[in-house]
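Q: Positions 1 to 722 (UniProt numbering) are the ones given, in order, by the sequence shown.
We treat Cβ as the ideally placed atom computed from N, Cα and C, and that holds for glycine.
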Amino acid sequence: MDTEGTHDAQDTRSDQVPRPAPRPDVPPRPTTPPPFVPPPAVPAAPPGPASGGPAADPPLLGWLRTPRPAAAPGVWTFGHRPRAAADPDRIPARQLIGGAVISFLCGWLLWSLLWNQYLGGYWLWPLLLLTPDSWRTAGGEKMVFVVASYAYYGLVLAILAVVFGRLGRWPELARRFLRPLLGRLRKAAPAPKQQPAADRAQWPELRAHGAVDAADKLVAEACAGRMNDVDVARIERAWQSVRSGKNSLASFTDTVLRYGAAACAHPSGRRDLPRRIAHHDLLARQVRIGTAADHPRNPYQHRLAGSALEPALLGTSLLAVGPAGSGKTTRVVKPVVESMCLQALAGQCAVVAVGPAGSDLGGDDAFDVVVRIGRPDPECDLDLYGGTTDPDEAAGILAEALVGDLAEQLPGGDSRRAATVLAQLLGPFAAAHDRFPAVPELRELLDGAPGAMAALRTALEDAGAHTLLRELDARARQSERHGDLGVLLADRIALLDRPAFAGFFDPTGATRQVSLRALDHPLRVRVELPERGHAEASRILARLVLAQFTECAVARADRSVFACLVLDEAAHTVTAEALRGLQRLRSANAGAVLTLRSLDEVPDALRGALLGSVGCRMAFAGVTTWDGARFAEVWGKEWVETRDVTDRQIIAEGAAMKALHLFRHLVTGKAPTAKAVTVRTVERERWSASDLANSLPPGHAVLSVTSVAGEHAPPVLVDLRA
Numbered sequence: 001m002d003t004e005g006t007h008d009a010q011d012t013r014s015d016q017v018p019r020p021a022p023r024p025d026v027p028p029r030p031t032t033p034p035p036f037v038p039p040p041a042v043p044a045a046p047p048g049p050a051s052g053g054p055a056a057d058p059p060l061l062g063w064l065r066t067p068r069p070a071a072a073p074g075v076w077t078f079g080h081r082p083r084a085a086a087d088p089d090r091i092p093a094r095q096l097i098g099g100a101v102i103s104f105l106c107g108w109l110l111w112s113l114l115w116n117q118y119l120g121g122y123w124l125w126p127l128l129l130l131t132p133d134s135w136r137t138a139g140g141e142k143m144v145f146v147v148a149s150y151a152y153y154g155l156v157l158a159i160l161a162v163v164f165g166r167l168g169r170w171p172e173l174a175r176r177f178l179r180p181l182l183g184r185l186r187k188a189a190p191a192p193k194q195q196p197a198a199d200r201a202q203w204p205e206l207r208a209h210g211a212v213d214a215a216d217k218l219v220a221e222a223c224a225g226r227m228n229d230v231d232v233a234r235i236e237r238a239w240q241s242v243r244s245g246k247n248s249l250a251s252f253t254d255t256v257l258r259y260g261a262a263a264c265a266h267p268s269g270r271r272d273l274p275r276r277i278a279h280h281d282l283l284a285r286q287v288r289i290g291t292a293a294d295h296p297r298n299p300y301q302h303r304l305a306g307s308a309l310e311p312a313l314l315g316t317s318l319l320a321v322g323p324a325g326s327g328k329t330t331r332v333v334k335p336v337v338e339s340m341c342l343q344a345l346a347g348q349c350a351v352v353a354v355g356p357a358g359s360d361l362g363g364d365d366a367f368d369v370v371v372r373i374g375r376p377d378p379e380c381d382l383d384l385y386g387g388t389t390d391p392d393e394a395a396g397i398l399a400e401a402l403v404g405d406l407a408e409q410l411p412g413g414d415s416r417r418a419a420t421v422l423a424q425l426l427g428p429f430a431a432a433h434d435r436f437p438a439v440p441e442l443r444e445l446l447d448g449a450p451g452a453m454a455a456l457r458t459a460l461e462d463a464g465a466h467t468l469l470r471e472l473d474a475r476a477r478q479s480e481r482h483g484d485l486g487v488l489l490a491d492r493i494a495l496l497d498r499p500a501f502a503g504f505f506d507p508t509g510a511t512r513q514v515s516l517r518a519l520d521h522p523l524r525v526r527v528e529l530p531e532r533g534h535a536e537a538s539r540i541l542a543r544l545v546l547a548q549f550t551e552c553a554v555a556r557a558d559r560s561v562f563a564c565l566v567l568d569e570a571a572h573t574v575t576a577e578a579l580r581g582l583q584r585l586r587s588a589n590a591g592a593v594l595t596l597r598s599l600d601e602v603p604d605a606l607r608g609a610l611l612g613s614v615g616c617r618m619a620f621a622g623v624t625t626w627d628g629a630r631f632a633e634v635w636g637k638e639w640v641e642t643r644d645v646t647d648r649q650i651i652a653e654g655a656a657m658k659a660l661h662l663f664r665h666l667v668t669g670k671a672p673t674a675k676a677v678t679v680r681t682v683e684r685e686r687w688s689a690s691d692l693a694n695s696l697p698p699g700h701a702v703l704s705v706t707s708v709a710g711e712h713a714p715p716v717l718v719d720l721r722a
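And the structure:
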């Protein structure tokens, strides 16, 4: 199959998702900046069908017309076929058919007896009671009586069918055997052509609101093969801005008529990623990560259904725990990052992916900005203060990054005193120099270097900031006390004052810096943490990005864009303040994805709070029993029906029975027994710690999800390789 220059991963059906759309006739960039950026040049359209043959619809039209029925949270809805809530195969087929036949024969026998001359006079008395005698006499309305009689016979026959049908489980028999047969016949029959009003490929909503010309243009683009799924999601996003009143219908129609499928493009000009590794449904905003296993522990309606993640679920944040090599990055993190990047190209999402250097979170061409901290000749820098101009806010974020993991050891049990120490220096420095200090300057101030403090005091006096001089004097007095936090902060900031980081964290504006204040725009940012040798610095930077994200995502004025932080290897980054920030993300249309090798990388006092703060939890094959016990506790228990079967030896009475039992024992080699079945309803853990630690096959994980609206799904065993 022609993949048009893309390379699909193994076992990935590329025909399920529309591929990048070619556009050979993109108009030149106008001199006046339009409200969008035209895309770059793309390959020519693939050859059309052979002459004389019927023109086949492009894959995009089939993708648009594929049904997406409502399903439980976490279920892949693209082409999903809902299943019954209970397993219909609990009753053996032979027993079900035998019971249906026996009930039918019993009903037929009773119907035959009712027509018998001995019983006919008794079962007809309601008919005789409800009809007048004149209908049955000579010269009466005999035809009316005949019609009433047949109606009465039909009513009696319907009652018999209902009673014996329930006894014989006829409805279940029809669901198990007749419904699949009808489904195959319906599938074999040609599907009726959808009307434009119901055909999603005809853009019915645009037509209903007067944008008929724009709808016709988009249909022509799709039929010509110049549109892909990202274009559809992006234009629908632009249409929603028209419906909400942010943009006018006239400007939207004019843009679509001029640029077609390339209208309202991402600022980067890209309309797709160079390569995809996962299945994506941008209409439902889902990415498929696996298939629910056909396992007795899985609810029946989830078995063999696709498992997917989407912003409605990631808005409650996701925690994935599993040892190295269990598939956290390749099977979950990378598909999620790819999905967020595609949605960013559609104008729906802003993604920040953070991981150690060398982690495969996507190619450089999949992101707008790549920050490689610690690499020589950096192309982009990270703002140490999160783009804020408020000294107190900057101090709080920086204190969380520097000493958030030591909050329990600090006075007061949190980092508020550390934030106060930093604010006493950041405020005066910003007032004197109209910027925050660089890392070496901040280190000198925290160390209390006489030259640095004197220079700052002189600058404040020259600027006339006498009020801030009191802050500086208070910092000088506190630095003389035993146990001052300035020493600890200076030691921590010294980890960033290394030669490898000399070109980073420059607040003077000489470098191009990334600020998470721009999360209300569809950004695609990847941050690579330093390599080995700077482990503690990497943890500080990871906590810094997490603190900045939780602060900036909540402070956004426009929350229509979903903001997602993907933090691979989040060891020693979870703090009490970070958990409070994660809880605030749910109401800010934002979420985080965190991965851990083990819950031991989180302080013991915060492990339960971490599992309670996130709505989506994932335990991979290979977790320890201790980690499994935490997941089993948070997933709770359920009521299940158990059956205990016991064999009881039959005691023979009489010579004939004893002889029969002796003969049976000689033939079968077993003593005659009778089985006793005891059915009980007991409370059992959904997944026990032992099951999670010892029974999960490789490449599998147990996933439970909760949506922002409060819907939740029980933990499901997912095959991440399917």
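Counting C-beta neighbours from all protein chains within 10 Å, is the total for residue 538 16 or more, i.e. buried, or is it exposed?
A: Walking along the sequence shown from the start, residue 538 turns up at place 538. Buried, since its Cβ has 16 or more Cβ neighbours within 10 Å.
Q: Which residues does DSSP pair with residue 594 in a beta bridge?
A: The sequence position of residue 594 within the sequence shown is 594, counting from 1. In DSSP, residue 594 forms a bridge with 319 and 567.
Q: Measuring CA to CA, which of 170, 130, 71 and 64 is closest to residue 99?
A: Residue mapping note: residue 99 aligns to position 99 of the sequence shown, counting from 1. Minimum Cα distance to residue 99 is reached at 170.
Q: Out of 621, 639 and 266, point me to the one whose CA is closest to residue 631's CA.
A: To locate residue 631, count along the sequence shown from 1; it is residue 631. Closest option to residue 631, Cα to Cα, is 621.
Q: Quick one: using the 10 Å Cβ neighbour count with 16 as the cut-off for buried, is residue 105 buried or exposed?
A: Counting from one through the sequence shown, the residue named residue 105 turns up at place 105. So residue 105 ends up on the exposed side.
Q: Just tell me which of 640, 661, 643 and 641 has its CA closest to the CA of residue 650.
A: Reading the sequence shown from its first residue, position 650 is the one you call residue 650. Considering only alpha carbons, the answer is 661.
Q: Using CA coordinates, which residue listed in 199, 653 and 666 is at the minimum distance from residue 63?
A: As a working mapping, residue 63 is identified with position 63 in the sequence shown. The residue with the shortest Cα to Cα distance from residue 63 is 199.
Q: Return the CA-CA distance between residue 507 and residue 434, expressed in angstroms with no decimal places.
A: Your numbering for residue 507 matches position 507 in the sequence shown. Your numbering for residue 434 matches position 434 in the sequence shown. Approximately 10 angstroms, taken between the alpha carbons.
Q: Can you tell me where the beta strand (DSSP E) with residue 527 in it begins and where it stops?
A: Counting from 1 along the sequence shown, the entry for residue 527 is found at position 527. Where residue 527 is concerned, the enclosing beta strand (DSSP E) stretches over 524-529.
Q: Which whole-angstrom value is the C-beta distance of residue 723 and residue 307, which I expect to be below 8 angstroms?
A: Since the first and last residues shown for the chain are 1 and 722, residue 723 lies out of range.
Q: Let me know if residue 657 comes out buried or exposed under the rule of 16 or more other beta-carbons within 10 Å of its beta-carbon.
A: Reading the sequence shown from its first residue, position 657 is the one you call residue 657. Exposed.
Q: Is the Cβ-Cβ distance between residue 454 and residue 428 less than 9 angstroms?
A: In the sequence shown, residue 454 corresponds to position 454, counting from 1. In the sequence shown, residue 428 corresponds to position 428, counting from 1. No, the pair does not count as a contact, with Cβ atoms beyond the cut-off.
Q: Which residue from 328, 721 and 75 puts its Cα closest to that of residue 597?
A: The residue given as residue 597 occupies position 597 in the sequence shown. Selected option, being the one with the closest Cα: 328.
Q: Apart from the five residues just before and just after residue 399, which ones in its own chain have a Cβ nearer than 6 angstroms to its Cβ?
A: If you number the sequence shown from 1, residue 399 lands on position 399. 415, 418, 419 and 422, listed in sequence order.
Q: Rounded to the nearest angstrom, how far is the Cβ of residue 575 from that of residue 404, given a contact under 8 angstroms?
A: The sequence position of residue 575 within the sequence shown is 575, counting from 1. The sequence position of residue 404 within the sequence shown is 404, counting from 1. At roughly 4 angstroms, the Cβ-Cβ gap stays under 8 angstroms, so residue 575 and residue 404 are in contact.
Q: Does the beta-carbon distance from residue 639 to residue 678 come in below 9 angstroms?
A: Position 639 of the sequence shown, counted from the first residue, corresponds to residue 639. Position 678 of the sequence shown, counted from the first residue, corresponds to residue 678. Against a cut-off of 9 angstroms, the Cβ pair of residue 678 and residue 639 comes out as no contact.
Q: For residue 479, which of helix, strand or coil comes out of DSSP?
A: Walking along the sequence shown from the start, residue 479 turns up at place 479. Correct three-state label for residue 479: helix.
Q: In whole angstroms, what is the alpha-carbon distance linking residue 74 and residue 67?
A: Here residue 74 corresponds to residue number 74 of the sequence shown, with the count starting at 1. Here residue 67 corresponds to residue number 67 of the sequence shown, with the count starting at 1. Computed Cα separation, rounded: 17 angstroms.
Q: Looking only at its chain, what residues have a beta carbon closer than 7 angstroms to the beta carbon of residue 488, apart from the 5 residues adjacent to it on each side?
A: In the sequence shown, residue 488 corresponds to position 488, counting from 1. Excluding sequence neighbours, residue 488 sits near 403.
Q: Do the CB positions of residue 513 and residue 380 come within less than 9 angstroms of each other?
A: Counted from its first residue, the sequence shown places residue 513 at position 513. Counted from its first residue, the sequence shown places residue 380 at position 380. It is a contact, given that the beta carbons lie within the stated cut-off.
Q: Name the DSSP bridge partner or partners of residue 644?
A: Position 644 of the sequence shown, counted from the first residue, corresponds to residue 644. Paired residues: 678.
Q: Rounded to whole angstroms, what is the Cα-Cα separation between residue 228 and residue 611?
A: As a working note, residue 228 is residue 228 in the sequence shown. As a working note, residue 611 is residue 611 in the sequence shown. Taking the straight line from one Cα to the other gives about 39 angstroms.
Q: Buried or exposed: which applies to residue 177, given that a residue is buried once 16 or more other Cβ atoms fall within 10 Å of its Cβ?
A: Position 177 of the sequence shown, counted from the start, is the residue given in the question as residue 177. It counts as exposed.
Q: Using the Cα positions of residue 151 and residue 81, report the straight-line distance between them to the nearest angstrom.
A: By one-based count along the sequence shown, residue 151 stands at place 151. By one-based count along the sequence shown, residue 81 stands at place 81. Roughly 40 angstroms separates the two Cα atoms.
Q: Consult DSSP for residue 111 and reduce its assignment to one of helix, strand or coil.
A: On the sequence shown, residue 111 is found 111 positions in, with the first residue counted as 1. Residue 111: helix per DSSP, three-state reduction.
Q: Let me confirm a value: residue 726 is counted as buried when at least 16 other C-beta atoms fall within 10 Å, else exposed. Which label applies?
A: Look at the range of the chain in this structure, 1 to 722, and you will see that residue 726 is not part of it.
Q: Among all the DSSP beta bridges, which residues are the ones paired with residue 706?
A: Position 706 of the sequence shown, counted from the first residue, corresponds to residue 706. Its beta-bridge partners are 712.
Q: Sort out for me which residues DSSP pairs residue 618 with in a bridge.
A: Position 618 of the sequence shown, counting from 1, holds the residue named residue 618. Beta-bridge pairing links residue 618 to 320 and 703.
Q: What residues in its chain sit with their C-beta under 6 angstroms from that of residue 584, if we drop five residues either side in the sequence?
A: For this step, residue 584 is matched to residue 584 along the sequence shown. Counting only Cβ-Cβ distances below 6 angstroms, and skipping sequence neighbours, we find 554.
Q: Compute every distance between the C-beta of residue 555 and the non-hydrogen atoms of the ligand ZN, then say whether any falls below 8 angstroms.
A: Within the structure as shown, the ligand ZN is missing, as the structure has no ligands at all.
Q: List the whole-angstrom C-beta distance separating residue 581 from residue 550, where the pair is believed to meet the contact cut-off of C-beta under 8 angstroms.
A: As a first step, residue 581 is located in the sequence shown; it is residue number 581 there, counting from the start. As a first step, residue 550 is located in the sequence shown; it is residue number 550 there, counting from the start. Rounded, the Cβ-Cβ distance is 3 angstroms, consistent with contact.
Q: Going by CA-CA distance only, name the one from 148, 113 and 114 that's closest to residue 129.
A: In the sequence shown, residue 129 corresponds to position 129, counting from 1. Cα-wise, what sits closest to residue 129 is 148.
Q: Between 552, 685, 94 and 59, which has its C-alpha nearest residue 389's C-alpha?
A: Position 389 of the sequence shown, counting from 1, holds the residue named residue 389. Ranking the options by Cα distance to residue 389, first place goes to 552.
Q: Just to confirm my understanding: we take residue 141, look at its own chain, exclude 5 residues before and 5 after, and list those with CB closer than 6 angstroms. What are they?
A: Here residue 141 is taken as the residue at index 141 of the sequence shown, counted from 1. Excluding sequence neighbours, residue 141 sits near 135.
Q: Taking 9 angstroms as the threshold (C-beta atoms), are residue 522 and residue 346 in contact?
A: Taking the sequence shown and counting its residues from 1, one reaches residue 346 at position 346. Taking the sequence shown and counting its residues from 1, one reaches residue 522 at position 522. Yes.
Q: Thinking residue 397 and residue 501 are a contact (beta carbons under 8 angstroms), I'd like their distance in whole angstroms, please.
A: Here residue 397 refers to the residue found at position 397 when the sequence shown is read from its first residue. Here residue 501 refers to the residue found at position 501 when the sequence shown is read from its first residue. Contact doesn't hold; Cβ gap of about 18 angstroms is too wide.
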